[in-house]
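Throughout the sequence shown, residue numbering follows this note's numbering, covering -3 to 224 in sequence. Here the structure is laid out as structure tokens; the discussion comes afterwards.
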Amino acid sequence: MITMKDISKTYSNGVTALSGINVNIDQGEFVYIVGPSGAGKSSFIRLIYREVKPTSGQIVVANKDLSKLKERKVPYLRRDIGVVFQDFKLLPKLTIYENIAFAMEVIEQSPRIIRKRVMEVLELVDLKNKARSLPHELSGGEQQRVSIARAIVNHPKIVIADEPTGNLDPDTSWEIMRVFEEINSRGTTLIMATHSKEIVNTIKHRVIAIESGRIVRDEYRGEYGYEG
Ligand code: ADP
Ligand code: ADP
């Protein structure tokens, strides 16, 4: 589903965020990306949905060679990938329903299909009763569940989450993980950057550790490996 060959990323300010990255992630895997702040985790994640381009190397995502992908084809890549952020990034003036529906309107789905699917994903994250609320009326955990619903509404093959529980308390974080587990159990590839030792050591999955821009560890059912 995701292959990186000899990937490096040097930003325009001269900082090398990643180098010598070789990795293969299969369909249906659940992968944690761990490592100290500034190690290159976000850069790794942003490469996958083409938010940043590699300086060198090859990256293939959902059978698309991103080094060759034309700018106008990026929206097609984004259909295959749902992204969840630490700070939710919901549109503040739209209702919960509208926030999710918007992701389907941009790919021109019919109103009938949108209505059905939005209610379906709201059901999955247990927020049907909040459809008419505005984001600020919801708790942090609820807002994150909305952003997950939005990420999966178009049936992506891959869900990417950058520190999704970073702003949430432990109980709420477990709820979010339960939703991710459910999504992954239905076959969606899940990639999650996290600083949560508790989560990584409790809900076991593959762990890729990045330090100073390099992969230093890649273990099936791995440990967090740092002090919490
Ligand atoms: P992490 O997510 O592990 O904290 P990042 O990928 O955000 O790591 O950052 C890796 C390195 O790249 C850091 O030194 C960071 O300052 C730098 N960096 C990240 N994004 C940019 C950018 N847009 N421009 C310049 N440097 C950046
Ligand atoms: P429930 O209402 O089913 O108990 P929780 O929100 O408490 O759900 O937990 C969500 C998931 O995370 C469950 O699968 C639960 O087993 C797991 N979980 C919750 N808290 C902990 C914990 N402290 N340690 C390990 N696993 C936990």
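Heads up, the beta-carbon is just placed ideally off N, CA and C, and yes, glycines get one too. All values reported here derive from a predicted model rather than from experimental measurement.
With the criterion CB distance below 5 Å from any heavy atom of ligand 1, the matching residues run 7, 9, 11, 13, 33, 34, 35, 36, 37, 38, 39 along the chain. Contact between residue 26 and residue 201 holds, since their C-beta atoms are separated by about 4 Å, short of 8 Å. With contacts defined by Cβ atoms closer than 8 Å, residue 121 and residue 141 form a contacting pair. If you draw a straight line from the Cα of residue 146 to the Cα of residue 4, it is about 31 Å long. Distance from the Cα of residue 129 is smallest, within the candidate group 93, 169, 44, 196, for 93. Looking at the backbone, the Cα of residue 219 and that of residue 213 are separated by about 10 Å. Counting only runs that start and end inside the region 97 to 157, the alpha helix (DSSP H) elements of at least 4 residues fall at 107 to 120, 136 to 148. Boundaries of the alpha helix (DSSP H) harbouring residue 40: 37 to 44, taken from the DSSP string. Residue pairing by DSSP places residue 4 opposite 52 in a beta bridge. Scanning 136, 28, 20, 33 for the CA closest to the CA of residue 83 turns up 136. A straight-line Cα-Cα distance of about 20 Å links residue 38 and residue 184. Beta-bridge partners assigned by DSSP to residue 207: 210.
The Cβ atoms of residue 35 and residue -3 do not sit closer than 8 Å to each other. For the pair residue 55 and residue 170, the Cα-to-Cα distance works out to about 32 Å.
In the DSSP assignment, residue 28 falls within the unbroken beta strand (DSSP E) covering 26 to 30. Minimum Cα-Cα distance from residue 182 among the listed residues 153, 66, 90, 205 corresponds to 153. In the three-state DSSP reduction, residue 63 falls in the coil class, being neither helix nor strand.
By the beta-carbon neighbour count (other beta carbons within 10 angstroms, threshold 16), residue 52 is exposed. A check of alpha carbon separations from residue 50 across 89, 139, 1, 31 identifies 1 as the nearest. For the set 123, 31, 21, 60, the Cα lying nearest the Cα of residue 207 is the one of 31. With fewer than 16 other Cβ atoms from the protein chains shown falling within 10 Å of its own Cβ, residue 216 counts as exposed. Here the C-alpha atom of residue 203 lies approximately 6 Å from the C-alpha atom of residue 29.
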